[in-house]
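Residue numbers (my numbering): 589 to 915.
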């Protein structure tokens, strides 16, 4: 077996298994979840994905073929036996167990912490572990999620009691649904939500997630005290315009694992932090760790140093065979 990083991930034996691959002519591929940097779709291909991910990528409107595979059901793609396991990242997001002589696990994007919406990912035993390392440096360690919720709600209560309007920023798929439920369940407010968030909320609800009440933003600013928007749309000009229209102060905060922001942030991430990454590797107990995305080289060094496990960044070492790595 070989593992390559080539416009996505490729597991190679007698046939190639493509995962979250883009720009490659292929008969079939696996999509691990519905975020646009992983879900690349063309009309000529067949895709294996969870039913929930199929909903998020709009499979019903696409002309290519989709195999909707539920969690924990084994399926075959060429020479590879595969199983989807929940990754705790967003709706329908999957880790992938991949077996072809060796037992490989691809975490894709994952988190171990339980959230208001999802259980944390299960740590899967592996011989070869391909792990995403978005936050693969020691400075990225997040507090307990319940503590972050508590801090957020205390801030929100103070802000609302002062007569201000709140704008919360969160990615349209994943974070915004968590914020919708937090605002409903913990703050007791019904938020206005941007149109794209409204659409994704509806998909979550169609798949059985209970988010609470929300109102689509449509010239109705005064119908709520809290508004949810994608972070990239929040800027000083927008906030000034909102203050002018509402006739009150506007306070904003962004829910993100990345601390660098001119606005207040709450460290809610849908990715594993540094300590969680180390915990996963240690408990999975692989012979080989291949790191991908983010701080892959730094984290591979940490695994070798702290856990004494063979580890390499996939972007540099992906052309080698597993036998070469292990020997």
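Ideal Cβ positions, reconstructed from N, Cα and C, are used throughout, including at glycine.
What does DSSP give as the partner residue(s) for residue i in the beta ladder?
i, result
"residue 674", "682"
"residue 779", "For residue 779, which the question treats as bridged, DSSP gives no partner whatsoever."
"residue 688", "690"
"residue 807", "In DSSP, residue 807 forms no bridge with anything."
"residue 599", "591 and 605"
"residue 722", "Answer by DSSP bridge pairing: none, since residue 722 is not bridged."
"residue 663", "670"
"residue 892", "Beta-bridge pairing links residue 892 to no other residue."
"residue 844", "Residue 844 is not bridged to any residue."
"residue 882", "721"
When you compare the CB positions of residue i and residue j, do they come within less than 8 Å of one another, or not?
i, j, result
"residue 620", "residue 681", "yes"
"residue 785", "residue 764", "yes"
"residue 780", "residue 823", "no"
"residue 643", "residue 795", "yes"
"residue 872", "residue 712", "yes"
"residue 760", "residue 818", "yes"
"residue 756", "residue 814", "yes"
"residue 840", "residue 828", "no"
"residue 862", "residue 732", "no"
"residue 676", "residue 707", "yes"
"residue 567", "residue 843", "No information on residue 567 is available, as it lies outside the stretch 589 to 915 that the chain covers here."
"residue 634", "residue 655", "yes"
"residue 752", "residue 836", "yes"
"residue 812", "residue 768", "no"
Use the C-beta contact count for residue i: other C-beta atoms within 10 angstroms, 16 or more gives buried, fewer gives exposed.
i, result
"residue 776", "exposed"
"residue 806", "exposed"
"residue 874", "buried"
"residue 690", "buried"
"residue 857", "buried"
"residue 825", "exposed"
"residue 766", "buried"
"residue 881", "buried"
"residue 609", "buried"
"residue 821", "exposed"
"residue 847", "exposed"
"residue 833", "exposed"
"residue 906", "Only weak support is given to the placement of residue 906: the predicted model assigns it a pLDDT of 44, under 50, and the value that follows is read from those uncertain coordinates. Residue 906 is buried by the Cβ-count criterion."
Quick one: what does DSSP say residue i is sitting in, helix, strand or coil?
i, result
"residue 897", "coil"
"residue 785", "helix"
"residue 605", "strand"
"residue 765", "helix"
"residue 589", "coil"
"residue 745", "helix"
"residue 759", "coil"
"residue 619", "coil"
"residue 915", "Model confidence at residue 915 stands at a pLDDT of 32, short of 50, so the residue's coordinates are unreliable and nothing is read from them."
"residue 827", "helix"
"residue 910", "Note that residue 910 scores a pLDDT of 43, beneath 50, so its modelled location is shaky; the value from the coordinates is reported in the next line. Three-state DSSP puts residue 910 in a helix."
"residue 695", "coil"
"residue 736", "helix"
"residue 624", "coil"
"residue 872", "helix"
"residue 700", "coil"
"residue 821", "helix"
"residue 638", "coil"
Rounded C-beta distance between residue i and residue j? I'm assuming under 8 Å.
i, j, result
"residue 879", "residue 721", "5 Å"
"residue 695", "residue 685", "11 Å between Cβ atoms; not a contact."
"residue 725", "residue 709", "The pair is not a contact, with the Cβ atoms about 20 Å apart (cut-off 8 Å)."
"residue 591", "residue 902", "7 Å"
"residue 603", "residue 666", "4 Å"
"residue 774", "residue 737", "6 Å"
"residue 750", "residue 718", "Incorrect: roughly 48 Å between the Cβ atoms, too far for contact."
"residue 754", "residue 747", "6 Å"
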